[in-house]
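**Student:** Can you keep this structure in mind? I'll have questions shortly.
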Amino acid sequence: MASSSAFSTYTLHGSKLASRIMLSNSFNEYTCNCSSLYFRQSLCGKSSSLSAKIPFGRLQNGGLVLKNRFKCMEVESAPSVMVGNKFLLDDVIEAQQFDRETLNAIFEVAHEMELIEKNSPGSQLLKGYLMATLFYEPSTRTRLSFESAMKRLGGEVLTTENAREFSSAAKGETLEDTIRTVEGYSDIIVMRHFESGAAKRAAATASIPIINAGDGPGQHPTQALLDVYTIEREIGKLDGIKVGLVGDLAYGRTVRSLAYLLAKYQDVKIYFVSPDVVRMKDDIKDYLTSMGVEWEESADLVDVASRCDVVYQTRIQRERFGERIDLYEEARGKYIVNQDVLHVMQKHAVVMHPLPRLDEITVDVDKDPRAAYFRQVKNGLYIRMALLKLLLLGW
Amino acid sequence: MASSSAFSTYTLHGSKLASRIMLSNSFNEYTCNCSSLYFRQSLCGKSSSLSAKIPFGRLQNGGLVLKNRFKCMEVESAPSVMVGNKFLLDDVIEAQQFDRETLNAIFEVAHEMELIEKNSPGSQLLKGYLMATLFYEPSTRTRLSFESAMKRLGGEVLTTENAREFSSAAKGETLEDTIRTVEGYSDIIVMRHFESGAAKRAAATASIPIINAGDGPGQHPTQALLDVYTIEREIGKLDGIKVGLVGDLAYGRTVRSLAYLLAKYQDVKIYFVSPDVVRMKDDIKDYLTSMGVEWEESADLVDVASRCDVVYQTRIQRERFGERIDLYEEARGKYIVNQDVLHVMQKHAVVMHPLPRLDEITVDVDKDPRAAYFRQVKNGLYIRMALLKLLLLGW
Amino acid sequence: MASSSAFSTYTLHGSKLASRIMLSNSFNEYTCNCSSLYFRQSLCGKSSSLSAKIPFGRLQNGGLVLKNRFKCMEVESAPSVMVGNKFLLDDVIEAQQFDRETLNAIFEVAHEMELIEKNSPGSQLLKGYLMATLFYEPSTRTRLSFESAMKRLGGEVLTTENAREFSSAAKGETLEDTIRTVEGYSDIIVMRHFESGAAKRAAATASIPIINAGDGPGQHPTQALLDVYTIEREIGKLDGIKVGLVGDLAYGRTVRSLAYLLAKYQDVKIYFVSPDVVRMKDDIKDYLTSMGVEWEESADLVDVASRCDVVYQTRIQRERFGERIDLYEEARGKYIVNQDVLHVMQKHAVVMHPLPRLDEITVDVDKDPRAAYFRQVKNGLYIRMALLKLLLLGW
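Residue numbers (numbering that gives the first Met the number 0), protein chains in the order written: chain G, 0 to 394; chain E, 0 to 394; chain L, 0 to 394.
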């Protein structure tokens, strides 16, 4: 969502908002009992002449639900939408945008979503909202997760998994023009792109919320959120945990983001276990040190597994090795999570994996209750339901 | 929709219809207060044994909504469905099928759709209806516009963007057989095809409405409608306007259709501004002359822009130049809409473009309120909502 | 749906179930008047730690509709869901899994679906349910039929027609892991795969129902069901019918399955009419003989057509002939259903074809009321609606 503020603060507006819209029921819909509705001022300062669509909830009792498609020029300088004392969430672009309090708040909503998905015959929370999945490279797994999240909440979806071939993109249309077209058709855009920074550019253009579903080697923030949420759900806490990151630590986007987010918590200890050719890079190590997070490298997976709350395994990506198949074969077989590893793991500990997995976790591990990776998939659904709800309806 | 009448009149039935179905509320749903329902006779004369589905509105007050899937043989010779004094719209195949009165009526409905899209939480006008997007060549922009239109009205969508690879088409199935299959799954078909005339063939076969979303170099009638609608919305009138058509006038389907439709209005003046290699062809010039429309060619974009209500810019299509990249490069840089052009344009005038654009409109133009091309995109949504509503529910 | 029972019985549980859930209205929704709900025991014996989702119907009068996502460990040994004296249907994997009674029961539900599709403005029977179409090879015709079926019943759909390129499958993920991911996003999976037996593997893994929409040369059970249903609807009976199977009998999956299913009925006579190179194979002939079904081969299509209730024509598949185009051309022209064939056919008899057709039925046959192939398409919709309803809500 475009705003006049600088990029560094584009997604969180720190000002507390007076309480005109109040939480009113367990599904977090909002009663609006004001006769006139005000809009967030920051959006009205933007230079674009596009209309701004700011979600602020729904009128209850079957009353008219306004979807807030007013042009900025119609809005006088006014107090912003008030949603208790919660921050407003405009876009989801990168893992770094979330502080600890925001993460906790999102996790609370994700837990509510878990209950909705399990107990209801189909929530109508996002009925009437339309999500566009604008994927410039295919990622069926991520796309289906977002589309399931939207539909589980009663929302609708426009899909394109071939946006790179999108006749317009192929003809040379800029990302910005594409976004301005697609925002005319939908209420929120979930975007996957092959270029780092694309999501940020889209958010700077769009007058509707953007969720980054992965942009090149850069960011995949919803994966990072679901990983942390899974640890919190499985272990029951995030402060004081010990996490072993295993496998491809050099190129694996997930382990890098996870290390980054874990640094927001207290007394975390991180172990790095990887073949030499794909060791964790110095930028993350330096960052952890600067944040006071204890970390060490180890070549002994069994030893690390015996100490950790979480063994986070990743796939060695063949495509990173070019023609050096010999190095790939050496690396991929080195650290396998199998019965030997399970044997030393603590009873409360869990094995996680961002999937897909090849043979870096043996299939016989699946039956163990500590194998958390398919529950992790499901948590991705809940996190995405939560983000869609927050971006479209607010807290 | 198949009918026994000749092609030249296949989409508009000129007979006025008695008034059994009356407009009853602001969403243009219809109350039917007759105990027996009659059908349009013309459809029952067709040779096909397929059943005909003729939309005639919905019973109100939660009563049963009939979707009109009766076979013709069950219908005795009877007066047609009566919808005030409006013409019936069966299919949307080509821009030429619309006369001025029909265009105005469609625009009125499009304006209602604009209000629905902006103010409602999700209309249920087309709830229970299913649209199939049968695209023989990908066009994500057009497809998303139609699918958004259907979903904004509460309808559902079946999508295929690979109909050319459609196992059946690839195996040699005729278009007619494909249509007979897909009409069994849906209530309306939006079709994009690579062959001119394909939409007409589909409409001759189908017992449900067909909308042509572009068939080869031939027709793209919804683009033509949204262009005229945009002029009417932006300028406030169509009679007496001055329009500059700029860029690729030889191959550009949109400018040719637009010239054709503008000829239906009074005192229109058209300026053609194009590189020599892509000048407007004589057929359109002759047609305009025969209709009494004043036109002239000019090489001076700034001069034309200062006189016009609408500057309609188009992209020079590289693919038209084959190996003569030199000619392409010369043509594409010749007429650019930029600040110089804006400077001379009248305050009420607008810049339009069918998109995608490359650099034939500079990005700094976007901020000017006279840049209407993204509003034009949105008008495409309203026009498509209107057509879906009219074809499925009637006027 | 995974179960602890052996494959040979995986889809039908023979035990009769006490009657806690009773049929209560014409749409076959169920009233549940028990205070505690019980689950099918067989599912809880499976080794996987995944939660099991067992459909048992809906509470009426707007009450909470439970979608049964409870983990097995929470379920004590209890009587199974009771649905009159009907068998439970877990998955649809192969035509052989259905006995005559089950077929008849499915056909009854399909006929109800026909009424729903024709008369209602959009059933809400499956509202809140989500179907994933996981197609490892494209088959737009089959996919649209399933998606239409789901949407006609108010359900929602997640689509992927590129599952083979599915980043995860392309990266080496097993089918089992993919299924465990997709089952987290949906309530039922419709799967098309290029390998024989893939559907069976998916069903053994999944905790939600699987429908086989074709797996390699093996099975395409919903096509077989719709063929038998069409005969029953068109001819009014299955016992005592005479059926001519024409065309490619060697490779045609549909005629082989149809022969297999017809053997379940009394006094059926089957004629095989095919070019020599694609004659019916001995396994089916032997099976028919062992079941007491009379059959004969004939080279005279007109003679056979004059005797039969059903002439089931099929396409000669060019891809089966490799470089022997001469043999293909000879075979494809040999047995054509045209006016000569129609002329000798009995008045009540019908021509069927699984489609797509090339020229093995001439286009002028379409107009004859005995041309049943487009009605057959529609019956496919009803059969799929019935199966989705049965697998998600029970009988």
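For each residue, glycine too, the CB sits at the ideal point set by N, CA and C.
1. Can you have a look at residue 225 of chain L and say buried or exposed, based on whether 16 or more other CB atoms are within 10 angstroms of its CB?
2. For a contact defined as C-beta to C-beta under 8 Å, what are the partners of residue 333 of chain L on chain G?
3. Beta-carbon within less than 7 Å of residue 343 of chain L's beta-carbon, same chain only, minus the 5 sequence neighbours each way: which residues are those?
4. Taking residue 129 of chain G as the query, report the chain E residues whose CB atoms sit under 8 Å from its CB, ordered along the chain.
5. So which residues of chain G does residue 104 of chain L contact, with C-beta pairs closer than 7 Å?
6. Determine whether the Cβ of residue 172 of chain E lies closer than 8 Å to any Cβ atom of chain L.
7. If contact is defined by three or more beta carbon pairs under 8 Å, each pair taking one atom from either stretch, is the region 272 to 283 of chain G in contact with the region 345 to 358 of chain G?
8. Pick from E:250, E:218 and E:134: whose alpha carbon is nearest that of residue 318 of chain E?
9. Does the region 252 to 271 of chain L come into contact with the region 306 to 317 of chain L, if we say contact requires no fewer than three beta-carbon pairs (one atom in each stretch) closer than 8 Å?
10. Check each candidate in G:139, G:316 and G:99 and name the one with the smallest Cα separation from residue 227 of chain G.
11. Would residue 252 of chain G pass as an interface residue toward chain L - the criterion being a Cβ-Cβ separation below 8 Å?
12. Using a Cβ-Cβ cut-off of 8 Å (strictly less than) and excluding sequence neighbours within five positions of residue 278 of chain L, which residues of its own chain qualify?
13. Can the beta-carbon of residue 191 of chain L be found less than 8 Å from the beta-carbon of residue 146 of chain L?
14. Using the beta-carbon of each residue, which ones in chain L are nearer than 7 Å to residue 376 of chain G?
15. For the beta strand (DSSP E) containing residue 268 of chain L, list its first residue and its last residue.
16. When we look at the beta-carbon of residue 195 of chain E and count the other beta-carbons within 10 Å, is it buried (16 or more) or exposed?
17. So, are the CB atoms of residue 157 of chain E and residue 185 of chain E less than 8 Å apart?
18. What does a CB cutoff of less than 7 Å around residue 150 of chain E pick up in its chain, not counting 5 residues either side in sequence?
19. Whose Cβ in chain L lies nearer than 8 Å to the Cβ of residue 157 of chain E?
20. What residues of chain E sit near residue 357 of chain L, judged by a beta carbon separation below 7 Å?
21. Using DSSP's beta-bridge definition, name the partner residues of residue 191 of chain E.
22. Compute the beta-carbon to beta-carbon distance between residue 387 of chain E and residue 88 of chain E, rounded to the nearest angstrom, for a pair I have assumed lies under 8 Å.
23. Quick one: is residue 176 of chain E near chain L, going by C-beta distance under 8 Å?
24. DSSP state of residue 351 of chain L, grouped into three classes?
25. With 8 Å as the threshold, decide whether the Cβ of residue 206 of chain L is near any Cβ in chain G.
26. Confirm, please, whether the CB-CB distance from residue 389 of chain E to residue 187 of chain E is below 8 Å.
27. Quick check: the Cα distance between residue 333 of chain L and residue 307 of chain L, rounded to an integer number of angstroms?
28. Considering only residues of the same chain and omitting the five flanking positions on each side of residue 259 of chain G, which have a CB-CB separation below 8 Å?
29. Just to make sure I have the definition right: I need the residues of chain E whose C-beta is within less than 9 Å of the C-beta of residue 380 of chain L. Which are they?
30. At what residue ranges does the region 270 to 320 of chain G contain a whole run of the alpha helix (DSSP H), taking only runs of 4 or more?
31. Is there at least one Cβ from chain G nearer than 8 Å to residue 216 of chain E's Cβ?
32. So does the region 374 to 387 of chain G actually touch the region 102 to 120 of chain G, counting three or more Cβ pairs closer than 8 Å?
33. Indicate whether at least one CB of chain L lies closer than 8 Å to the CB of residue 197 of chain E.
34. What whole-angstrom Cβ distance do residue 159 of chain E and residue 132 of chain E have, given they're in contact under 8 Å?
35. Return the first residue and the last residue of the alpha helix (DSSP H) that residue 212 of chain G is part of.
36. Just mark residue 130 of chain G as buried or exposed, buried being the case when its beta carbon has 16 or more other beta carbons within 10 Å.
**Tutor:** On the basis of the coordinates in this document:
1. buried
2. None at all; the shortest Cβ gap to chain G is about 42 Å.
3. 301, 304 and 305
4. 147, 150 and 151
5. Ordered by position in chain G, no residue passes the 7 Å Cβ test against residue 104 of chain L, which lies about 25 Å from the chain.
6. For residue 172 of chain E, the answer is yes, since a Cβ of chain L falls inside 8 Å of its Cβ.
7. no
8. E:250
9. yes
10. G:99
11. no
12. 248, 249, 271 and 296
13. no
14. 180 and 183
15. 268 to 272
16. Taking a 10 Å sphere around the C-beta of residue 195 of chain E, we find fewer than 16 other C-beta atoms and assign the residue as exposed.
17. Taking 8 Å as the Cβ cut-off, residue 157 of chain E and residue 185 of chain E qualify as a contacting pair.
18. By the criterion of a C-beta distance shorter than 7 Å, residue 150 of chain E is surrounded in its chain by 156, once the five residues flanking it on both sides are discounted.
19. Residues of chain L passing the Cβ test: 143, 146, 147 and 150.
20. 171
21. E:134
22. At roughly 11 Å, the Cβ-Cβ gap does not stay under 8 Å, so residue 387 of chain E and residue 88 of chain E are not in contact.
23. yes
24. strand
25. no
26. no
27. 19 Å
28. Here the set comprises 94, 95, 223, 283 and 286.
29. Going along chain E in sequence order, the residues near residue 380 of chain L (Cβ under 9 Å) are 183 and 184.
30. 281 to 289 and 300 to 306
31. no
32. yes
33. no
34. 7 Å
35. Here residue 212 of chain G belongs to no alpha helix (DSSP H); instead the beta strand (DSSP E) covers 209 to 214.
36. Buried, since its Cβ has 16 or more Cβ neighbours within 10 Å.
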